[in-house]
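Residue numbers for the sequence shown follow our numbering, beginning at 30 and rising by one. For glycine and all other residues, C-beta sits at the position ideal for the given N, C-alpha and C. Please read these numbers as outputs of a predicted model, since none were measured by experiment.
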Amino acid sequence: MPLHLTKVAFGAKSLDDMNSWFAGRGEEALLTTRYLPKRHAELIGGSLFWIFKHQLVARSPILRFTEAEGGKTHIVIAATMIALHPLPRRAHQGWRYLNDSDAPRDLAEGESAEDVMPGKLAGELARLGLV
């Protein structure tokens, strides 16, 4: 069972905005973090789950970790966003671990996140601590 990370899609104004960030990057994208995760070996083959408006909405497979300038680390991810069944998640700084058993499942072909629960409703229920 792979281990995953969660990260807030900081600065994204919409899901289209997030998709445009990936457009034109080729097959891989780099995210820079201050520290190499202690459990980095377990994360390879897992995914980085994106939090947008207090929900896990998409994931990008984690390919590897490389050194960056100034002692920092690049998290190398596939430059794709795989849509998920939205799952409420509080925002946080940096990244957090996510066990495979707690990760939401991918949306099936032709399935829409709104088919599951409207984003606004899911966000409000999460804010109230009900989901």
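State buried or exposed for residue i, treating a residue as buried only when at least 16 other CB atoms are found within 10 Å of its CB.
i, result
"ALA120", "exposed"
"LEU157", "exposed"
"LEU77", "buried"
"ALA132", "buried"
"ALA70", "exposed"
"GLN122", "exposed"
"ARG88", "buried"
Cα separation between residue i and residue j?
i, j, result
"ALA137", "ALA108", "20 angstroms"
"VAL105", "HIS33", "13 angstroms"
"PHE51", "ILE111", "12 angstroms"
"HIS103", "SER49", "20 angstroms"
"LYS82", "ASP135", "18 angstroms"
"LYS101", "PRO66", "11 angstroms"
Can you find the residues in the same chain that come closer than 7 angstroms, C-beta to C-beta, to residue i, ignoring five residues on each side of it along the sequence?
i, result
"LEU127", "HIS33, LEU34, THR35 and PHE78"
Given residue i, which residues of its chain have a CB within under 6 angstroms of its CB, disregarding the five upstream and five downstream residues?
i, result
"GLY74", "PRO31"
Tell me which same chain residues have a C-beta within less than 8 angstroms of the C-beta of residue i, skipping the five on either side of it?
i, result
"GLY55", "ALA108"
"GLU57", "LEU92, VAL105, ILE106, ALA107 and ALA108"
"ARG68", "LEU32 and TYR126"
At least one CB of chain C closer than 8 angstroms to the CB of residue i: is that the case?
i, result
"GLN84", "The displayed structure is made up of one protein chain only, and chain C is not part of it."
Three CB pairs or more closer than 8 angstroms across the stretch 105–120 and the stretch 62–81: yes
Cβ contact (3+ pairs, closer than 8 angstroms) linking the stretch 48–61 and the stretch 86–103: yes
Can you list, in chain order, the stretches of the beta strand (DSSP E) that have 3 or more residues and sit fully within the stretch 83–150? Complete beta strand (DSSP E) runs here, min 3: 84–96, 102–107, 111–117 and 124–128.
Continuous beta strand (DSSP E) assignments of at least 3 residues falling wholly in the stretch 33–82: 57–62 and 76–81
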